[in-house]
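Peer 1: Residue numbers (this note's numbering): 1128 to 1398.
Backbone N, C-alpha and C fix where the C-beta goes; we use that ideal spot for every residue, glycine too.
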Amino acid sequence: MGASKISTSLIFLSCLLLASSVTTAAFNITAILGDIPSFSNFNDLLSKAGLVKAINSQSPVTILAIPNEHIGDLAGKPADVIKITLMTHVVLDYYDLLKLANAKNGTRMTTLFQKTGVATYDQGFLILNRSHGQLIFSSAAKGAPHNVQVVATVTQHPFNYSIISVSSAIMTPGVDGTTLQEPPKAAGAPAPAKKVSPPPASEAPEAPTPSDDATAPSPDAPSDAPKSDAPASQAPAADADDDKNKNASFKHLASSALGLVAVLASFLAAY
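1) Do the segment 1180-1200 and the segment 1283-1298 touch if we need at least three Cβ pairs shorter than 8 angstroms?
2) Where T1282 and F1166 are concerned, what is the direct C-alpha to C-alpha distance, given to the nearest angstrom?
3) Use the C-beta contact count for L1225: other C-beta atoms within 10 angstroms, 16 or more gives buried, fewer gives exposed.
4) Please classify L1307: does DSSP put it in a helix, a strand, or coil?
5) My output table needs one value for K1242: the three-state DSSP class, helix, strand or coil.
6) Taking contact to mean 3 or more Cβ pairs, one atom from each stretch, closer than 8 angstroms, check whether the segment 1205-1222 and the segment 1230-1250 are in contact.
7) Using a Cβ-Cβ cutoff of less than 7 angstroms, which residues in the same chain neighbour V1179 once the five nearest sequence positions on both sides are dropped?
8) Quick test of your reading: A1267 and F1252, contact by CB under 8 angstroms. State the CB separation rounded to the nearest angstrom.
9) Taking the alpha-carbon of G1199 as reference, which of D1220, A1296, G1301, P1300 has the nearest alpha-carbon?
10) Run the CB neighbour count on N1232, radius 10 Å, all protein chains shown included, and call it buried at 16 or more, exposed below.
11) By Cβ distance below 7 angstroms, which residues in the same chain neighbour F1169 in space, the five residues on each side in sequence not counted?
12) Checking 8 angstroms against the spacing of the C-beta atoms, do T1299 and I1211 come in under that value?
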């Protein structure tokens, strides 16, 4: 009975391993694209670049395939440029059109080029954006053009592999002789403001010490006393006294004149 259970378990495990190996062997990028003539040039470039084995070993994986009519001048570029460009068309995750449509704007994707460890300054990543209703792929490196459109699904095996056609090759700055710009550094948190301590209380300046050379005023020296003005009330009083004196003199003179007139009149009467 125990031997029967062991045999059953071994058979079950063998079936799982066989199914797994069949599934793995079923994904062969060159075999799949070989059946689609419109991708023959792209398939040929993958083989010449020696990327077939590396792509077939990835799971999940998404291939952004370029149709023959959109391959452009990629085939005429140096071998190392072709290889790097093709590696940026291999996304290390599963994406179909539905998943791409539901992805957030600015979704960042890791490519096979990033896995090599050679990529610098975001060269190994792609960015998915939307423009005028179109899904647009571009390199995540600073200064990359945003012009590669998602066209259609070529084939897919959900959550294992997916091949999607795109409108042209994805250009990565710094790969094809172009200048790679350093991405902007993230702004750090602002430094805490320094507390300004109040200035120390200023000490009262010391009273100046009289100089030994300074000459003290002599007590015998006459001092110019300020001339005080006479009180205003004294002037009118003096004027009043003058008026009284004038009146008394006038009365005395008048009395003398009258007396003289009387004497003169008496004298005349006698003669």
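Peer 2: Inspection of the coordinates gives the following:
1) yes
2) Taking the first residue of the sequence shown as 1, we reach residue 1282 at position 155. Taking the first residue of the sequence shown as 1, we reach residue 1166 at position 39. Using only the alpha carbons, I get a separation of about 12 angstroms.
3) Here the question's residue 1225 lines up with position 98 in the sequence shown. The residue in question, L1225, is exposed, as its Cβ has fewer than 16 Cβ neighbours within 10 Å.
4) Start at 1 with the first residue of the sequence shown, and residue 1307 comes out as number 180. Of the three classes helix, strand and coil, the one that applies to L1307 here is coil, per DSSP.
5) Position 115 of the sequence shown, counting from 1, holds the residue named residue 1242. In the structure shown, K1242 sits in a helix (DSSP, three-state: H, G or I).
6) yes
7) The residue labelled residue 1179 in the question sits at position 52 within the sequence shown. So the list reads I1156, T1157, L1173, once near-sequence residues are dropped.
8) By 1-based counting over the sequence shown, the position of residue 1267 is 140. By 1-based counting over the sequence shown, the position of residue 1252 is 125. Contact holds; Cβ gap of about 4 angstroms.
9) Along the sequence shown, one-based indexing puts residue 1199 at 72. It is A1296 whose Cα lies nearest to the Cα of G1199.
10) Position 105 of the sequence shown, counted from the first residue, corresponds to residue 1232. By the 10 Å Cβ count, N1232 comes out exposed.
11) The residue given as residue 1169 occupies position 42 in the sequence shown. Closer than 7 angstroms at the Cβ level, and outside the excluded window around F1169, lie L1160, A1192, I1193, I1198.
12) The residue you call residue 1299 lines up with position 172 of the sequence shown. The residue you call residue 1211 lines up with position 84 of the sequence shown. In this structure, I1211 lies closer than 8 angstroms to T1299 by Cβ.
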